[in-house]
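Add 2 to the 1-based position in the sequence shown for my numbering, that's all there is to it. Glycine included, each C-beta is placed from N, C-alpha and C at the ideal position. Owing to the predicted nature of the structure, the values given are computational and were not obtained by experimental measurement.
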Amino acid sequence: MPAQSLHCVRPTPALPRSPRGSALRPLDLSQVTLHPRGALGAWQELNASATIPRCIAQLETSGVIDNFRRLVGESGAEHRGFVFADSDLYKVIEAVAWEIGRSGTTVHDD
């Protein structure tokens with residue numbers, strides 16, 4: 003039995019305000035697919051396969067994730083890093099969320 007996903011994918015993560023007098027509207031995420039051999043598609047694949055895992059590893063190494071584990075009682079480690087280092091974690095969470103929305107991957111569910 004496949005693992006159940008911990009996330010839900012919505013067709014649009016955010017809706018822009020509708021400008022008056024404009025005929026152009028943004029496409030829904032499900033209406034756009036970048037070809038994996040195109041420049042942007044290759045960049046997406048690189049982000050998914052290398053950049054996101056590298057960022058997560060760096061957050062572990064720098065202690066940012068342990069700082070959050072400490073807050074919920076899962077780590078006894080002392081706080082490490084700058085007080086604003088949590089913003090790096092939020093950026094990676096956003097990248098993972100966009101990748102889940104794009105590909106439906108469950109690789110980051112743990």
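Have a look at the options and flag the residue whose alpha-carbon is nearest the alpha-carbon of residue i.
i: G103; options: A25, S24 and S32; result: S32
i: L61; options: G43, F86 and W45; result: F86
Is it buried or exposed, residue i, if we count other Cβ atoms within 10 angstroms and call 16 or more buried?
i: V116; result: Residue 116 lies beyond the stretch modelled for the chain, which goes from 3 to 112, so this question has no answer here.
i: D30; result: exposed
i: D2; result: The displayed coordinates of the chain run from 3 to 112. Any statement about residue 2 would go beyond what the structure contains.
i: L48; result: exposed
i: V109; result: exposed
i: V98; result: buried
i: A50; result: buried
Practice task
Report the residue ranges of all alpha helix (DSSP H) runs contained in full by the stretch 42 to 84; include only those spanning at least 4 residues, in chain order.
Solution key: The qualifying runs are 54 to 64 and 66 to 73.
Handout entry: Three CB pairs or more closer than 8 Å across the stretch 80 to 95 and the stretch 57 to 72
Key = yes
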